[in-house]
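In the numbering used here, the protein residues as written are 251 to 495.
Written as structure tokens, this is what we have:
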């Protein structure tokens with residue numbers, strides 16, 4: 251859908267979306283797939299033994315890990331997207347202006363990054379019970395929200411590449427809310443103390459990562475350093491803050 255709608259927009263939007271999604275896929279492709287690959291068989295095995303509490307515990311642990319690994323990326327995508335896209339892609343014919351358009355799309359994808367991962371964690375609730383219909387319904391609803399938001403954001407508010415990416419993010423959050431509500435209503439999904447106790451520390455780590463990265467960018471830009479060095483400084487500062495917290 252992103253590709254199709256981008257093809258109707260001015261030249262360069264489709265490319266901007268593609269490059270922004272390439273960066274977005276780095277945490278998404280590793281964290282989401284790895285968690286789902288491990289979580290689904292564990293939940294299935296526990297449910298087969300009649301250990302519903304253990305299955306829910308494993309799911310809460312996976313959700314906490316998903317947020318721990320994705321929220322710092324979200325913070326970076328929202329606070330220093332221009333630094334990321336300029337440092338990685340602004341070379342040769344890929345201009346600073348093009349990198350900045352991609353940066354707006356990256357920030358919009360960052361809004362939905364936790365949702366992209368949590369959808370996999372929540373879907374395991376149903377797949378582990380051999381219910382494939384419910385996740386499909388959630389996906390269809392997310393697709394409808396995605397398309398509707400794209401029309402509103404791209405042609406209504408004229409947000410361009412950022413509107414395309416933001417529609418996808420909002421559609422994914424709609425998917426999360428539907429799957430969570432259905433799992434909660436059926437008594438299949440519960441939030442335990444492991445997740446609630448871990449959440450403040452996770453949020454603090456994400457905030458520290460974003461703040462440190464932003465501070466490093468501001469300091470490096472003040473010193474008029476090359477964009478690659480600015481990016482390296484942001485990565486190093488963010489990683490150190492994340493590790494310390």
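For glycine and all other residues, C-beta sits at the position ideal for the given N, C-alpha and C.
Is residue 334 helix, strand or coil when you go by DSSP? helix
Between which two residues does the alpha helix (DSSP H) harbouring residue 458 extend? 443-472
In this structure, how does DSSP classify residue 342 when only helix, strand and coil are distinguished? coil
Beta-carbon contacts of residue 421 that lie in its chain and below 7 angstroms, excluding the five residues immediately before and after: 392, 393, 395, 396 and 399
Around the C-beta of residue 435, are 16 or more other C-beta atoms found within 10 angstroms, so that it is buried, or is it exposed? exposed
Whose CA, out of 489, 372 and 427, lies closest to the CA of residue 461? 489
How long is the line joining the alpha carbons of residue 258 and residue 290, rounded to whole angstroms? 39 angstroms
Continuous alpha helix (DSSP H) stretch holding residue 311: start and end: 302-329
In angstroms, rounded to a whole number, what distance separates the CA positions of residue 300 and residue 306? 12 angstroms
Excluding the five sequence neighbours on either side, which residues of its own chain have a C-beta within less than 6 angstroms of the C-beta of residue 429, listed in chain order? 372 and 388
Beta carbon of residue 266, beta carbon of residue 357: below 7 angstroms? no
Suppose you measure from the CA of residue 262 to the CA of residue 251; what does that come to, to the nearest Å? 17 angstroms
Locate the alpha helix (DSSP H) running through residue 430, then write down its first and last residues. 411-435
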